[in-house]
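I have placed the structure first, in the form of structure tokens, so that the comments after it can refer back to it.
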């Protein structure tokens, strides 16, 4: 039986939730393996999703200097975009069901309490490029990696997203694919919807997502007459 829900604002993750950049990420790690010999790309891919690039570079490449971390993060994310261009724009694509939801929420993108916001572990520069590549218009409220001191699974990104939207976190739905992001949203006090686009059902359920769907084709959203968003989860 479908779940009929109402929220003040929807807080979306980006990679793995709105867009698929897997091929570009793989190419970027292969490139970085040339600079940092010995890193295991397959092992990294199994654990890095949903974590900020600077933190992945610190963990897997041993980069500690803050300035070098920022430079390398920019280089890594530029490599993802370059890979997408090399593959004729197919390296970064919108996931199933995303365009329909974006179109439904588009009239509510602006204003003091926008219908949706983005809370991503990516840098602002990369996230803007990735959304453009996938044909998604960036929202007015946009929380990126550099906006928070602690990334996911800490609650900071979603707490800041709710604050910037002027709403209580408990009145927000976080849409995520990664366990780290689900934990972040749940710890922030939001309801969480996990999509099975990058992790197994067992992994998503272990993170205690409130709702789980295969992808966003199982979800419909529309602007409510008195504000906020009505959500149907099939």
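In our numbering, the protein residues as written are 20 to 253. Backbone N, C-alpha and C define an ideal beta-carbon position, used for all residues, glycine too.
Around residue 159, the same chain offers 128, 129 and 133 as residues with beta carbons nearer than 6 Å, after the five sequence neighbours per side are excluded. Per DSSP, residue 121 lies in no beta strand (DSSP E) segment; the continuous alpha helix (DSSP H) that holds it begins and ends at 117–124. According to the DSSP secondary-structure assignment, residue 241 is paired through a beta bridge with 249. Take residue 151, set aside five residues on each side of it, and no residue of its chain has a beta-carbon closer than 6 Å to its own. When the five nearest sequence neighbours on each side are left out, the beta carbons in the same chain lying within less than 6 Å of the beta carbon of residue 29 are those of 135, 192 and 248, in order along the chain.
By the criterion of at least three beta-carbon pairs nearer than 8 Å, the region 188–203 is in contact with the region 21–38. Comparing alpha-carbon positions, the option among 225, 143 and 126 lying closest to residue 244 turns out to be 126. Note on geometry: alpha-carbon atoms of residue 242 and residue 171 lie some 28 Å from one another. Taken through DSSP and simplified to helix, strand or coil, residue 166 comes out as helix.
Inter-residue distance for residue 161 and residue 79 is about 27 Å (C-alpha atoms, whole angstroms). Closest by C-alpha distance to residue 229, out of 203, 148, 60 and 53, is 203. Under DSSP, the beta-bridge partners assigned to residue 211 are 193. For residue 111, no beta strand (DSSP E) segment is defined, and its DSSP state is neither H nor E.
Beta-bridge pairing by DSSP links residue 28 to 191.
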